[in-house]
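Below is one structure; the comments refer to it alone.
4 protein chains.
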Amino acid sequence: MKNDTAILLVYCSDKPGLVHEITGFIHRYGGNILYLDQHADHEEKNFFMRIEWELEEFTVPPEQLEEKALKEIIRPLDMQYQLYFSSCKPRMAVFASRHAHCLADILHRYSTGEWQVEIPLVISNHEDMRRTVENNGIPYFCLPVNRDNKLKQEARQLQLLAEHDVEFIVLARYMQILSPEFVSSYPNRIINIHHSFLPAFPGSNPYRSAADRGVKIIGATSHYVTSDLDAGPIIEQGITRVSHRDTVEDMVRKGRDVERVVLAKAVYLHLNRKILVLNNRTVVFE
Amino acid sequence: MKNDTAILLVYCSDKPGLVHEITGFIHRYGGNILYLDQHADHEEKNFFMRIEWELEEFTVPPEQLEEKALKEIIRPLDMQYQLYFSSCKPRMAVFASRHAHCLADILHRYSTGEWQVEIPLVISNHEDMRRTVENNGIPYFCLPVNRDNKLKQEARQLQLLAEHDVEFIVLARYMQILSPEFVSSYPNRIINIHHSFLPAFPGSNPYRSAADRGVKIIGATSHYVTSDLDAGPIIEQGITRVSHRDTVEDMVRKGRDVERVVLAKAVYLHLNRKILVLNNRTVVFE
Amino acid sequence: MKNDTAILLVYCSDKPGLVHEITGFIHRYGGNILYLDQHADHEEKNFFMRIEWELEEFTVPPEQLEEKALKEIIRPLDMQYQLYFSSCKPRMAVFASRHAHCLADILHRYSTGEWQVEIPLVISNHEDMRRTVENNGIPYFCLPVNRDNKLKQEARQLQLLAEHDVEFIVLARYMQILSPEFVSSYPNRIINIHHSFLPAFPGSNPYRSAADRGVKIIGATSHYVTSDLDAGPIIEQGITRVSHRDTVEDMVRKGRDVERVVLAKAVYLHLNRKILVLNNRTVVFE
Amino acid sequence: MKNDTAILLVYCSDKPGLVHEITGFIHRYGGNILYLDQHADHEEKNFFMRIEWELEEFTVPPEQLEEKALKEIIRPLDMQYQLYFSSCKPRMAVFASRHAHCLADILHRYSTGEWQVEIPLVISNHEDMRRTVENNGIPYFCLPVNRDNKLKQEARQLQLLAEHDVEFIVLARYMQILSPEFVSSYPNRIINIHHSFLPAFPGSNPYRSAADRGVKIIGATSHYVTSDLDAGPIIEQGITRVSHRDTVEDMVRKGRDVERVVLAKAVYLHLNRKILVLNNRTVVFE
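Encoded structure:
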C-alpha cells in the first residue's frame with residue numbers, strides 16, 4: 000500500500016535557491032521526497048516545480064501544512080501554488096453525448112481501479128448511456144441542451160456540480176460549446192478531447208476536413224477548455240496514420256482509438272497533479 | 000539485376016471491367032505483371048491504378064507501347080495516364096538554401112545509389128554548399144533571389160532546368176516562394192518539404208508558432224507545390240514528440256530529422272512512380 | 000446501406016494472367032468489383048489476392064458461387080481459396096481471464112456496432128466479468144482451468160464452441176496455454192494478444208523482463224495461435240515509449256492501452272477477411 | 000552565447016535530504032542552476048541526479064571545483080559522480096565500415112555545428128569513406144580487421160585513441176565485435192547502433208530474421224557496448240512500420256533512416272551528459 004503523500008505544485012519568477020529553499024522546508028520537518036520535478040523556462044524566466052513527499056514521518060500535521068508552507072516558503076518566495084493530499088480522491092464529473100467511446104473507456108478505468116478518482120455524476124444531453132453509467136453505481140443526469148435552453152441548463156449543471164462537490168470536469172466528446180461564464184467557473188479544470196491534431200481542424204467535422212485536405216496522419220488533442228474554442232492549453236496529443244483508402248468513416252473509427260487514449264492520458268496526468276498552466280501552455284511532469 | 004519494366008499509371012471514372020481490360024492488354028502481349036495496385040474511390044466514383052510489368056518477354060517494343068496502349072485501352076476506357084520505363088532514370092533538380100540538412104541527405108542517398116535518379120544540377124540562393132555538391136560531381140548554380148530580381152532569376156532557373164532536361168524539382172528547404180508562373184511549368188512535379196504538420200502552421204516560422212501554441216507533437220509535411228502556399232497535395236507526413244522543455248531551437252533540431260526523412264520518402268515515392276494526384280489529394284501506392 | 004458482397008481470398012504459385020483470369024470470372028457474370036488487393040512474393044514466387052464484389056447485379060446465385068468459382072478459376076489455376084459473404088456475420092467466441100481490459104474493449108465495439116460480428120459466448124476461467132458480459136446479452140461460461148482438469152475443460156470448451164457454431168476465437172488476455180489438439184481444431188482461427196513486442200519477451204511476465212532489460216519502447220503483438228508458444232503468424236503490432244521512470248506497474252498500465260488497440264485491429268482485419276497466412280507469416284490487405 | 004556551465008552527475012543510495020544538500024552546495028557559492036533532473040528508484044532505493052549550473056558568478060574556480068565538491072557533498076553523501084565543464088568539448092572517435100549512412104550523418108551534424116564535439120579521428124576497416132572524412136578535416140585511419148590480426152589491430156586502435164586523447168567511441172555500423180579487453184578500456188563509453196529492436200534479433204542479419212518472422216514493426220537500438228554482444232545498457236530505441244510487401248532490402252533501406260536518427264539521439268544525449276548507467280540500465284534525463 001502506497002503511503003499518504005502531499006503534493007505541492009508551484010510556479011514563480013526564476014531566482015537562485017528555489018529548489019534548495021523548497022526542499023529545505025520538507026527536509027526540516029522530516030519529509031521523505033518521493034518525486035521532484037522542476038522546470039525553468041530560461042526564455043521567460045519562470046520556474047515550475049512539482050514535489051511529492053511522504054507524510055508518515057513528516058512532523059507538520061496535514062491540517063497545518065498549508066499555513067506553514069505559506070509562511071515559510073510560498074510567501075517569502077512569492078510563488079503561486081497548489082497543495083494536494085493523495086489521501087483525498089479528486090471528484091470528477093463526466094459530460095457525455097451520443098459518442099460514447101470515451102465515456103465507456105473512463106468507466107472501465109474507474110471500475111477497475113486504474114484511476115484514483117471519484118465520479119459523483121455523469122451529465123449527458125442524451126439518455127443513451129444511462130443504464131451503463133448507473134450499472135457502475137454512478138448517478139446519471141440527462142440535460143438536453145439546445146439553443147434556447149442552454150443558459151438554463153448550464154445553471155442546472157453548475158448547481159449539480161456544486162451539490163456533488165465536483166473538483167474538475169471531463170468533456171468526453173460532449174459536443175456542446177460551454178458558455179464563457181460556465182468555463183470561468185472551472186478555470187483549467189475542464190478537460191476536453193478534440194478529435195483533431197490541433198491547431199489543425201478546430202471546430203466541427205475535423206475528420207471530414209482531414210479527408211478533404213488529404214492528410215496522411217490524423218490526431219486527437221486533449222486540452223483545458225477556455226473561452227476560445229479549441230484554443231486552450233494543450234495537455235496531450237496523439238496521432239495515427241491514414242491513407243487515401245480511408246474514408247471519413249474509417250477516420251472516425253480509427254480516430255476513436257486515439258481519442259480514448261489521449262483523453263485518458265490527460266485525465267491521468269490531471270488526477271496525479273502533474274500539470275501546471277501558464278500563458279495558455281502546460282508544463283507536464285511525466 | 001532487376002529487369003527492365005514498364006509502369007503505367009491511370010485514372011478515370013470507375014466502371015466495371017477496368018482491371019480485367021488493363022491486365023488483358025499486358026497479358027495479351029506476354030507481359031509479366033510485377034506490381035498491381037488499384038484504388039476505387041466509391042464516394043467520388045474514381046478509379047486509380049498503378050501497374051508495373053517486365054518487358055523481357057513482352058512483345059510490344061517500348062517505342063510502340065504508348066501508341067498501342069492508347070489505342071487498345073487508354074482511349075477506349077477514357078483514362079488519364081502516365082507511362083514510364085524503369086530503364087529511364089528520372090532527372091531531378093534540387094533547389095536549396097542555407098538550411099542544408101535536406102540537401103546533404105539527398106546527396107548521400109544519391110551517392111550511395113539508394114535512389115535510381117540523375118541529379119543534373121543543384122540551384123541555390125547561397126554559395127554555402129557549392130563544394131559539397133561539386134564534390135558529388137553535380138553542377139552548382141548560385142542564383143541569389145530578392146524581391147527585385149525574383150522574376151529574372153526564375154527565368155534563369157527555368158532556362159537551366161530546360162537545358163538540363165529536368166523532369167521534376169525538389170525544394171530542399173529552399174525558403175523562397177515560387178511564382179504561380181514557375182509553378183505552372185511543373186504541375187505536380189515540384190516537391191516541397193514544409194516544416195510543420197500541415198494544415199497547422201503554414202507559412203514562416205512554424206516551430207516558433209508550435210512553441211507558442213504549446214503543442215506536444217511537431218511534424219513535417221511533403222507536398223506538391225501549387226500556387227496556394229503550403230496548400231498543395233500532401234504526399235507524406237511525419238511527426239516527433241516535444242514537451243514544455245523544448246525551446247524553439249530544440250524543435251528546429253528535432254524537426255530537421257523529421258523533415259529529412261519525410262522529404263526522402265516523398266522523393267522515393269515520386270521516383271518510383273507511386274503517386275497519383277486528383278483534386279488536390281494524392282493516391283500513394285506504397 | 001452497404002450492399003451484399005462476396006469476398007474471395009486466394010493464393011497459389013505466381014504465374015502470368017492470374018489477375019486477368021480472376022477479374023474475368025467476376026466481370027463475366029456482371030459483378031462490380033469494390034476492392035481488389037494482390038501481392039506477389041517475387042522471392043518465393045507466391046501470389047495472394049483478395050477481391051470483393053457486389054452481388055446485386057451478379058448473375059451467379061450465392062449458393063452456386065463456390066461451385067462455379069471452383070470449376071472456372073480455382074481448380075484451373077490451382078489455387079487455395081476462402082470464400083465469404085458479407086451478409087453472413089462471423090461468429091466469434093471470446094476467451095477471457097481476470098485482466099478484463101481487452102474483453103471490455105471488445106464488448107464496447109460489439110455493443111456500439113463498430114464490428115459486424117456475432118458473439119455467441121464468452122468463456123472465462125473466472126467469474127469476474129459475468130455481469131458485464133451478460134448485460135450485453137451474451138452467455139457467459141466460467142470454466143476454471145488448472146493443471147489437472149485442463150484437457151477435460153478443453154473438451155468442454157470445444158463442445159460449447161461447436162454448439163454455438165463458432166467460427167473463430169479471440170483470446171482476450173486469456174493467460175492459459177491451449178493444448179496442441181485444441182489449437183489444431185481452429186487453425187489460423189485463434190487470435191491471441193501477447194503483451195510484448197514479439198519475438199522479444201515471449202512467455203510470462205514480459206513487462207517485468209522489459210523493465211529488467213531497460214528497453215525504451217514496449218509493445219504488444221497480435222498473432223494467430225499455433226502449437227509453438229507466442230510464435231504464430233503475426234497480424235499486428237503496436238508500441239509505446241517508456242523510460243527509466245516507468246516501474247513494471249507503469250508498463251502494465253501503459254501496455255494495456257496498446258494491447259487493446261492492437262488486438263482490436265487484428266480482430267477487425269480478421270472480421271473483414273483481410274488476412275492470408277502462409278509459412279507462418281501473414282499477408283494483411285489494409 | 001551560452002555561458003560556461005558545470006555539470007554534475009551523481010548516484011547513490013537514496014536517503015533524505017540529498018537534493019537539499021546538493022543544491023545547497025551550488026547555492027552557497029553563488030551558482031545559478033540551469034537544469035536539475037533527479038530520479039529516485041523506489042524499488043532498488045537508488046538516487047540519480049544531473050545538475051547543471053552557470054559558472055559566471057560561481058565563486059569556486061573550475062580547477063578547485065572537484066576537490067571542493069568531493070569534500071563538501073560527494074564524500075559526505077557517499078555518492079558516485081562525474082563532473083564536466085561545458086567549455087570542454089568531448090573528443091569522440093568514430094569507428095565505421097562499408098555501411099556509411101551513420102558516419103555520413105554524424106559528419107553532417109559535426110560540420111554544421113549541431114553537436115558540441117571534437118572528432119579527432121575516424122577508424123574504418125575499409126578505405127571507402129576516406130575522401131569524405133578527410134574533406135571534413137578529420138584524419139582517417141584504415142585498419143582492416145580479420146580473424147588473425149584482430150588483437151594486433153585493436154592494439155593499434157587503442158594506441159591511436161590514446162594519442163588522440165579520445166574520451167568516447169561511436170560505432171557507426173562498425174560490424175566488428177570488439178574484444179572484452181578493448182571494451183573494458185572504455186566502460187560505458189562505446190556507443191553502438193544495432194539494427195534491430197533489441198532484445199529481438201541480436202547478432203547478424205536482423206532484417207533477414209525480421210522478414211522471416213513476419214514482424215510488422217522493425218527497429219534500431221543504441222546501447223553502450225559491454226562484453227555481452229548486443230546486451231549492453233540501452234540508450235535509445237526507434238521503430239518504423241513494415242508489411243508483407245517489404246523485402247529484406249526494403250527493410251534495410253527503411254531501417255537505415257531509423258538507425259541514423261536513433262544513433263544520433265544517443266550520441267546527443269551522451270555529449271550533453273544526460274545518461275547515467277547502473278545495473279546494465281540507463282537513466283536518461285531528456
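Top to bottom, those sequences are chains A, B, C and D.
The first sequence begins at 0 in numbering that gives the first Met the number 0 and counts up by one.
The second sequence begins at 0 in numbering that gives the first Met the number 0 and counts up by one.
The third sequence begins at 0 in numbering that gives the first Met the number 0 and counts up by one.
The fourth sequence begins at 0 in numbering that gives the first Met the number 0 and counts up by one.
Using N, Cα and C, we set each Cβ at its ideal position, and we do this for glycine too.
As the structure is a prediction and not an experimental result, all values here were calculated from the model.
On the three-state DSSP scale, how would you describe residue i?
i: residue 246/B; result: coil
i: residue 0/D; result: Its pLDDT being 49, under 50, residue 0/D is placed unreliably by the model, and the measurement read from it follows with that caveat. In the structure shown, residue 0/D sits in coil (DSSP, three-state: anything other than H, G, I, E or B).
i: residue 280/C; result: strand
i: residue 275/A; result: strand
i: residue 41/B; result: coil
i: residue 194/B; result: coil
i: residue 15/C; result: coil
i: residue 105/A; result: helix
i: residue 113/A; result: coil
i: residue 267/D; result: helix
i: residue 211/C; result: helix
i: residue 223/D; result: strand
i: residue 36/D; result: strand
i: residue 72/B; result: helix
i: residue 21/D; result: helix
By DSSP's criteria, residue i is part of a beta bridge. Which residues make up the other side?
i: residue 239/A; result: 217/A
i: residue 91/C; result: 167/C
i: residue 123/D; result: 95/D and 141/D
i: residue 9/D; result: 48/D and 80/D
i: residue 135/C; result: In the DSSP output, where bridge partners are listed per residue, residue 135/C has none listed.
i: residue 53/A; result: 4/A and 31/A
On the premise that residue j lies in contact with residue i, defined as a C-beta separation below 8 angstroms, what is that separation, rounded to the nearest angstrom?
i: residue 167/A; j: residue 89/A; result: 7 angstroms
i: residue 210/D; j: residue 84/D; result: Contact flag wrong, Cβ pair sits at about 47 angstroms.
i: residue 28/C; j: residue 59/C; result: 5 angstroms
i: residue 192/B; j: residue 171/B; result: 7 angstroms
Look at the alpha carbon of residue i and the alpha carbon of residue j, and state the distance between them as a whole number of angstroms.
i: residue 129/A; j: residue 140/A; result: 8 angstroms
i: residue 113/C; j: residue 250/A; result: 13 angstroms
i: residue 175/A; j: residue 127/C; result: 36 angstroms
i: residue 235/B; j: residue 221/B; result: 5 angstroms
i: residue 0/C; j: residue 86/C; result: Only weak support is given to the placement of residue 0/C: the predicted model assigns it a pLDDT of 49, under 50, and the value that follows is read from those uncertain coordinates. Distance between the alpha carbons of residue 0/C and residue 86/C is about 12 angstroms.
i: residue 23/B; j: residue 186/B; result: 31 angstroms
i: residue 78/C; j: residue 117/A; result: 59 angstroms
i: residue 99/A; j: residue 195/B; result: 32 angstroms
i: residue 212/C; j: residue 243/C; result: 11 angstroms
i: residue 154/A; j: residue 131/C; result: 35 angstroms
i: residue 92/D; j: residue 255/D; result: 21 angstroms
i: residue 182/D; j: residue 73/D; result: 28 angstroms
| message | For the region 194–209 of chain A, list every residue whose C-beta sits within 8 angstroms of some C-beta in chain B, in sequence order. | response | 196, 197, 198, 199 and 200
| message | Under 9 angstroms, CB to CB, which of the residues in the region 172–190 of chain C have a partner in chain D? | response | none
| task | Please name the residues in the region 112–133 of chain D whose beta-carbon is closer than 7 angstroms to at least one beta-carbon of chain B, in chain order. | result | 113
| Positions along the region 264–281 of chain A whose CB lies within less than 9 angstroms of some CB in chain C | 264 and 267
| said: What are the residues in the region 222–236 of chain B lying within 7 angstroms of chain A by C-beta distance? | reply: 232, 233, 235 and 236
| Which of the residues in the region 18–31 of chain D, read from start to end, lie with their CB under 7 angstroms from any CB of chain A? | 18, 19, 22, 23, 26 and 31
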